[in-house]
Structure formats: structure tokens, C-alpha cells
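Following: one structure in C-alpha cells, then a few remarks.
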Amino acid sequence: MIDRLAKIVLLLRLLCAMAVFYLALHKIVTRLSRKPESKLLWFLGVLTAPLTLPVEKYSRPDASKDQVASYALFFYAILWFLVEFANRYWIK
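One gets the working numbering by counting positions in the sequence shown from 1 and adding 46 to each.
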């Protein structure tokens, strides 16, 4: 039972880390990009769309895409921290 729980926590840690990395990369590239129709922006938008959709449901209706991306980045960073904390102190 503990092995299965440890595997699930490891998977959650990996998914949260990837989400934080890709959302941060998307925010950085959005700010530094000179062309809004860039293929890299399109790719990162497609990559991060499944991460921002759940957060967009619970954000304000007038929130911009940049704000939603910031909220999603904050959410996944907190989730990553909580999973790391649980892994370090609760799951042995």
C-alpha cells in the first residue's frame, strides 16, 4: 500500500513541476515575444491550455488571459509545495 502511495505522490510531484515550468516559460515568452503570432507562443498556448482551463472556471469573468495564467501558475506552485511537504513529512 505504501509503495502505491509513494508512486502516486511521485507522479503528482512530476506533473506539478512540469506544470509550473511550462506556465512560467509561457509567461516569460509572452512578455519577451515581439510577434503575437509566433509559433512558439502558439505551441506554449496549446501546451498550457489544459492547465489554465480549470483555473479559468473559478477566476473572475473579466480576468485577462495573463491574469488567468498567473493564477494557474500560483495554483500549481502551491500544489507542488503541498505535495513536496506531504512527501517529506507525512509519507514515509
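Glycine included, C-beta positions come from ideal geometry on N, C-alpha and C.
Item	Value
Pick out the complete alpha helix (DSSP H) segments inside the region 53-79, 4 residues or longer, and give them in chain order.	none
Indicate whether R69 and Y122 have their beta-carbon atoms separated by less than 8 Å.	Checking the sequence shown, residue 69 turns out to be Leu, not Arg. Yes, they are a contact pair.
Within 8 Å, do at least three Cβ pairs link the region 81-98 to the region 112-120?	yes
Let me know if A65 comes out buried or exposed under the rule of 16 or more other beta-carbons within 10 Å of its beta-carbon.	buried
When we look at the beta-carbon of L90 and count the other beta-carbons within 10 Å, is it buried (16 or more) or exposed?	buried
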